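S.K.: Input: one structure, supplied below.
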Amino acid sequence: MSWSGFKKSVNRAGTTLLQKTGQIERTVDREFADEEAKYRTFEKECQALQKDSKTYWDAMRAMTAAQTRIAETLDIFYGSADRTSEGAMAAHAYKRSVDDIDGGFGRELEVPYRTAVSEPLGKMCAYFPVVNEHIAKRNKKLLDYDSARSRLRKLIDKPSEDATKLPKAQQENDDAQEVFDMLNSQLITELPQLLDLRVPFFDPSFEAMIRMQSKFAEEGYEKLGGTQRYFDDSVRDDYAAGQLDAQVEGVLQEMRELSICGA
1 MSWSGFKKSV NRAGTTLLQK TGQIERTVDR EFADEEAKYR TFEKECQALQ
51 KDSKTYWDAM RAMTAAQTRI AETLDIFYGS ADRTSEGAMA AHAYKRSVDD
101 IDGGFGRELE VPYRTAVSEP LGKMCAYFPV VNEHIAKRNK KLLDYDSARS
151 RLRKLIDKPS EDATKLPKAQ QENDDAQEVF DMLNSQLITE LPQLLDLRVP
201 FFDPSFEAMI RMQSKFAEEG YEKLGGTQRY FDDSVRDDYA AGQLDAQVEG
251 VLQEMRELSI CGA
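Right, dumping it as structure tokens:
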């Protein structure tokens, strides 16, 4: 930081302190405050959306990977008992299905999701540091303006013997006000425009995400549905009637009766 920049920072810190103690009037711009509040909400929600979209993708990848590992274990479990049994054939069919789902997820959805969802979110969030920099600059120029206005008022209320001080203070006030008004007007005009663009910007991403979720669910249902042919039609009825729970409990009871499980 240059000496002039350091000096300005010190002066602004002093102005802020004097404003807190009521010695310098602080300009309050309700219009800007309202627009900034809306922008801050938008910034927060976009950042949360970016985080949640990554969490969603990671969870989907983890789910398909876990499903694949379950299928591998079941295939080994049933196959080692009797490869010709219906259970072994169902487990093998299930493994093929989830392998296809896992492979298709990475092959068919990863690039579209990154292109249509992750990257647009990243691009939107990349604007926030730039906008925040403009807001910070506007706030600094506001401090300069409040400070210059305070010095001018003091000279008006209590004129100095030096006749050059008042015109100089007036010029400093006018210059500070001009710079502040320019930045303030720009933000008041453009912050609402930025927020208005959020819907057309996210429309394609939202539609793409719904389509990808639908595609994943439909293909998963289709592939897993083929595994059901290895089960008797009565299994679904037994499940609905609560009979499968009784069958499981019966097997558990047999296990309890084994000497190694009896304890």
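Residue numbers (the UniProt record's numbering): 1 to 263.
A virtual CB, placed ideally from N, CA and C, is assigned to each residue, including glycine.
Only a predicted model underlies this, so the values are computations on that prediction, with no experimental measurement involved.
1) For A255, which residues of its own chain have a beta-carbon under 6 angstroms away from its beta-carbon, when the five flanking residues on both sides are left out?
2) Starting from C46, follow the alpha helix (DSSP H) in both directions and report where the run begins and ends.
3) Which residue marks the beginning of the alpha helix (DSSP H) containing G242, and which one marks its end?
4) If you run the structure through DSSP and keep just helix, strand and coil, what is K158?
5) Leaving out five residues before and five after Q177 in sequence, what residues of the same chain have Cβ atoms less than 6 angstroms from its Cβ?
6) Report the rounded CA-to-CA distance for L224 versus G106, giving the unit in angstroms.
7) Note down the Cα distance separating S234 from E222, rounded to an integer number of angstroms.
8) Under 6 angstroms Cβ to Cβ from A169, same chain only, skipping five residues before and after it: list those, please.
9) In whole angstroms, what separates the C-alpha of residue 269 from that of D174?
10) Extract the residue ranges of the beta strand (DSSP E) inside the segment 117–147, only unbroken runs of 3 or more that lie entirely within it.
11) How many Å lie between E72 and H134 at the Cα?
12) Taking only the alpha-carbon atoms, compute the straight-line gap between D245 and Y230 and give it to the nearest angstrom.
13) Considering only the beta carbon of each residue, do L109 and M209 sit closer than 8 angstroms?
14) Straight-line CA distance for D116 to K215?
15) Grab the span of the alpha helix (DSSP H) containing A169 for me, first residue to last.
16) For S234, does the three-state DSSP call read helix, strand or coil?
17) Buried or exposed for A91, please, with buried defined as at least 16 other CB atoms from any protein chain shown within 10 angstroms of its CB.
18) Under 8 angstroms, do N132 and D29 count as touching if we go by C-beta distance?
19) Taking all protein chains shown into account, do 16 or more other C-beta atoms lie within 10 angstroms of the C-beta of F32, making it buried, or fewer, making it exposed?
20) Mark S259 as exposed unless 16 or more other C-beta atoms lie within 10 angstroms of its C-beta, in which case mark it buried.
21) Do you know whose CA, among R149, Q253, W57, lies nearest R114's CA?
M.R.: Here's the rundown:
1) Note that residue 255 is Met in the sequence shown, not Ala. Taken in chain order, the residues that qualify are C261.
2) 30–81
3) Unbroken run through G242: none, as it is neither H nor E.
4) coil
5) Y145
6) 18 angstroms
7) 21 angstroms
8) R151, L152, L155
9) The requested residue 269 does not occur in the structure, where the chain is confined to residues 1 to 263.
10) none
11) 55 angstroms
12) 20 angstroms
13) no
14) In the sequence as presented, Asp is not what sits at residue 116; that position holds Ala. Approximately 15 angstroms between the Cα atoms of the pair.
15) 165–196
16) helix
17) buried
18) no
19) buried
20) exposed
21) W57
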